[in-house]
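Notes to accompany the following structure.
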Amino acid sequence: MTDEQSIQQQLGKLAALREAIAQVIVGQAGVVEQLLIGLLAGGHCLLEGVPGLGKTLLVRSLGEALALDFCRVQFTPDLMPSDIVGTEILEEDHGTGKRYFKFQQGPVFTNLLLADELNRTPPKTQSALLEAMQERTISYAGTTHRLPQPFFVLATQNPLEQAGTYPLPEAQLDRFLLHVRVDYPDEAEERAILAQTTGSASARIEPVMTGEEVIALQALTRNVHVGDDLLAWITRLVRASRPQASTIAEVRDWVRWGAGPRAGQSLVLASKARALIHGRLAATREDVRALAAPVLRHRLLLSFAAEAEQRSSDDVVAALLRALPAPN
C-alpha cells in the first residue's frame, strides 16, 4: 500500500492542478471537479452547454496544466473516420526504390483529445472513437495500434441548433463516464470573466502534473474503499432505473430503457475519485448522491410520456434517489 506521506503528496498535486485551472477559468467549480473525477477514474467526459460558456477553454486549460500531449479536433459534417484515427500512405525507400504502405497516425494518438462539437459529425465518424474510448487501441488494416497512456476523450456538444446535427447513439454515450452540464455563471463570476478577458494581460498556465503522476493517482483511486452497503445501494439504484423490473412509478412512466451494468461501474469509480479529491480514502453516500445525475443522465432513454410532460433524465434520477434512500 502507498504510505500516508506519498498519498498527501499526490493529493497536493490535485490541489495545484485545480489552482492552475482557476488562473484562467472563473467559477465553474463543479464542472472542474467533474473533469478531475473523470481524469482520476480513467473515464471520458461529455460536456454540454450553450455557446460561450468556456467549454473548449476549460478543456484546453486542463491540457496545459497537465504535461500531456493535447489535440483538438473540430467535428464537422464532412469529417471522415480516417481524419480521426489515421490512414495508410504510400512511401518510397529512396535507397532501394521500393514502395510500401506506412500507417500515418491521426489526432486520436494523444493523451488528451478534445472532440469539439462531437454531434456535428455523422455516426460513421462518431463511431471511429468507440474502440479508442473502450479499448485504448486503434485497429487499422488488420493491425492493432495502442494509444498513449493515459488517454482521455473530452467531448463537447451544443444543446441548441439541433438542425443538421447527429445525436450520439446510445453505444457511444455509454462510453462516457460523466455527462457534465455547463450552466451560465452567476453575476459575480460573469463580472470577473468580463474583467479578466477584456484587458491586455493574459494568464499563462504552467504544467503541474505529469502523465506518470496521473497514472499513479488513477491507481490510488482504485484503492479507495467502497463499503458493501454502498455497493448494494448503487446496484439497487442502477437496477431500479430499468422500467421492466422497477417498482418506481416515475421510472415506469418516463423511461423506455434504463442504465446498464457499466453505469454501476462508473458510479463506483466516480465516487471513489470524488472521495480522493476531497481528501478521503473511503467513498460516502454524499459522493454517490453528487454523481448519480452526471453518471446516469445520458444512459436513460426517456419515453414519449416524459417528453410530453417535459421531464428530463435528471427528474428520473431525483425520483430514484427519493424512492431508494441511502443506507444509514
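For the sequence shown, this note's numbering gives the first residue as 921, with consecutive numbering after it.
Don't be surprised by glycine CBs; every beta carbon is placed ideally from N, CA and C.
Just so you know, these numbers come straight off a predicted model, no measurement behind them.
- [ ] Out of Glu984, Leu1221, Phe1021, Gly1119, point me to the one whose CA is closest to Ile1009's CA.
- [x] Position 89 of the sequence shown, counted from the first residue, corresponds to residue 1009. Answer by Cα proximity: Phe1021.
Open item on the list: Closer than 8 Å is the cut-off here; do at least three beta carbon pairs connect the segment 1167-1178 with the segment 1147-1156?
Closed with: no
- [ ] Assuming Thr1057 contacts Leu1067 (C-beta within less than 8 Å), just tell me the rounded distance between them.
- [x] As a first step, residue 1057 must be located in the sequence shown, where it is residue number 137. As a first step, residue 1067 must be located in the sequence shown, where it is residue number 147. Confirmed, Cβ separation roughly 6 Å.
- [ ] Could you tell me if Lys975 is buried or exposed, where buried requires 16 or more neighbouring beta carbons within 10 angstroms of its beta carbon?
- [x] The residue labelled residue 975 in the question sits at position 55 within the sequence shown. Counting Cβ neighbours within 10 Å, Lys975 comes out buried, since at least 16 surround it.
- [ ] Go through its chain and collect everything with a Cβ distance to Ala1202's Cβ below 7 Å, but skip five positions before and after it.
- [x] Here the question's residue 1202 lines up with position 282 in the sequence shown. Within the same chain, and ignoring the five residues on either side of Ala1202 in sequence, the residues whose Cβ sits closer than 7 Å to its Cβ are Val1144, His1145, Ala1195.
Open item on the list: By alpha-carbon positions, which one of Ile945, Thr1045, Ala1226 ends up nearest to Leu978?
Closed with: By 1-based counting over the sequence shown, the position of residue 978 is 58. Nearest of Ile945, Thr1045, Ala1226 to Leu978, Cα basis: Ile945.
TODO: Please confirm whether Leu1038 and Gly983 have their CB atoms less than 9 Å apart.
DONE: Numbered from its first residue, the sequence shown carries residue 1038 at position 118. Numbered from its first residue, the sequence shown carries residue 983 at position 63. No; because the gap between Cβ atoms is not below 9 Å, this pair is not in contact.
Open item on the list: Closer than 8 Å is the cut-off here; do at least three beta carbon pairs connect the segment 1218-1229 with the segment 1101-1108?
Closed with: no
Task: Backbone CA spacing between Trp1153 and Ala1246 [nearest angstrom] - done: Taking the sequence shown and counting its residues from 1, the one referred to as residue 1153 is at position 233. Taking the sequence shown and counting its residues from 1, the one referred to as residue 1246 is at position 326. Straight-line Cα distance between these residues: approximately 7 Å.
Open item on the list: Can you give me the C-alpha to C-alpha distance between Asp989 and Leu1032, rounded to a whole angstrom?
Closed with: If you number the sequence shown from 1, residue 989 lands on position 69. If you number the sequence shown from 1, residue 1032 lands on position 112. Answer to the nearest angstrom: the Cα atoms are 6 Å apart.
Open item on the list: Please report the distance separating the alpha-carbon of Ala935 from that of Thr1030.
Closed with: As a position in the sequence shown, residue 935 is number 15, starting the count at 1. As a position in the sequence shown, residue 1030 is number 110, starting the count at 1. Roughly 25 Å between the two C-alpha positions.
Open item on the list: Can you find the residues in the same chain that come closer than 8 Å, C-beta to C-beta, to Leu1222, ignoring five residues on each side of it along the sequence?
Closed with: For the purposes of this step, residue 1222 is taken as residue 302 along the sequence shown, with counting starting at 1. Answer for Leu1222: Trp1174, Val1175, Arg1176, Arg1231, Ser1232, Ser1233, Val1236, listed in chain order.
- [ ] Return the chain-ordered list of same chain residues with a C-beta closer than 6 Å to the C-beta of Gln1092, the five sequence neighbours on each side being excluded.
- [x] Walking along the sequence shown from the start, residue 1092 turns up at place 172. Contacts found: Gln1046.
Task: Whole beta strand (DSSP E) elements within the segment 1143-1209, 3-residue minimum - done: 1175-1177
Open item on the list: Taking 6 Å as the limit between beta carbons, can you name the residues of its chain near Leu937, skipping five residues before and five after?
Closed with: What you label residue 937 is simply residue 17 of the sequence shown in a count that begins at 1. Answer for Leu937: Ala985, Val1128, Met1129, listed in chain order.
Task: DSSP-derived helix/strand/coil call for Asp1235 - done: Mapped onto the sequence shown, residue 1235 falls at position 315. If DSSP states are grouped into helix, strand and coil, Asp1235 belongs with the helices.
Open item on the list: So, for Thr996: in the same chain, excluding its five sequence neighbours on each side, which residues have a beta-carbon less than 7 Å away from its beta-carbon?
Closed with: Numbered from its first residue, the sequence shown carries residue 996 at position 76. Here the set comprises Arg1040, Thr1041.
Task: Secondary structure of Thr1117, DSSP reduced to three states - done: Along the sequence shown, one-based indexing puts residue 1117 at 197. Thr1117 falls in the helix class under three-state DSSP.
Open item on the list: Quick test of your reading: Ala1190 and Leu1216, contact by CB under 8 Å. State the CB separation rounded to the nearest angstrom.
Closed with: Reading the sequence shown from its first residue, position 270 is the one you call residue 1190. Reading the sequence shown from its first residue, position 296 is the one you call residue 1216. With 8 Å as the limit, Ala1190 and Leu1216 do not qualify as a contact, their Cβ atoms being about 11 Å apart.
Task: 7 Å Cβ shell around Ser1186 - same chain, five flanking residues per side excluded - done: Translated into positions along the sequence shown, residue 1186 becomes position 266. Cβ within range, chain order: Gly963, Leu1097, Val1215.
Open item on the list: Just to confirm before moving on: does the CB-CB distance between Gln1116 and Pro1070 stay below 9 Å?
Closed with: Locating residue 1116 in the sequence shown gives position 196, counting from the first residue. Locating residue 1070 in the sequence shown gives position 150, counting from the first residue. No, the pair does not count as a contact, with Cβ atoms beyond the cut-off.
TODO: Taking Ser981 and Ile941 to be in contact with their CB atoms under 8 Å, please state how far apart those CB atoms are, rounded to whole angstroms.
DONE: Here residue 981 refers to the residue found at position 61 of the sequence shown. Here residue 941 refers to the residue found at position 21 of the sequence shown. Contact flag correct, Cβ pair sits at about 5 Å.
TODO: Whole angstroms is fine: what's the gap from Gln1164's alpha carbon to Arg1172's?
DONE: Residue mapping note: residue 1164 aligns to position 244 of the sequence shown, counting from 1. Residue mapping note: residue 1172 aligns to position 252 of the sequence shown, counting from 1. If you take the alpha carbons of Gln1164 and Arg1172, they lie about 7 Å apart.
Open item on the list: Buried or exposed, going by whether 16 or more other CB atoms sit within 10 Å of the CB of Ile1197?
Closed with: The residue given as residue 1197 occupies position 277 in the sequence shown. With 16 or more Cβ atoms within 10 Å of its Cβ, Ile1197 is classed as buried.
Task: According to DSSP, residues forming a beta bridge with Leu1098 - done: Taking the sequence shown and counting its residues from 1, the one referred to as residue 1098 is at position 178. For Leu1098, which the question treats as bridged, DSSP gives the partners Cys965.
Open item on the list: Starting from Ile941, trace the alpha helix (DSSP H) in both directions and tell me its first and last residue.
Closed with: Looking up residue 941 in the sequence shown gives position 21. Start and end: 924-942.
Task: Alpha-carbon to alpha-carbon, Pro1181 and Lys1044 - done: Numbered from 1 along the sequence shown, position 124 holds the residue referred to as residue 1044. Numbered from 1 along the sequence shown, position 261 holds the residue referred to as residue 1181. About 26 Å.
- [ ] Could you work out which residue in Asp1036, Gly932, Val1073, Cys991 is closest to Ala1052 when comparing CA atoms only?
- [x] Position 132 of the sequence shown, counted from the first residue, corresponds to residue 1052. It is Val1073 whose Cα lies nearest to the Cα of Ala1052.
Open item on the list: Along the chain, where does the alpha helix (DSSP H) containing Ser981 start, and where does it finish?
Closed with: Counted from its first residue, the sequence shown places residue 981 at position 61. Its alpha helix (DSSP H) spans residues 975-985.
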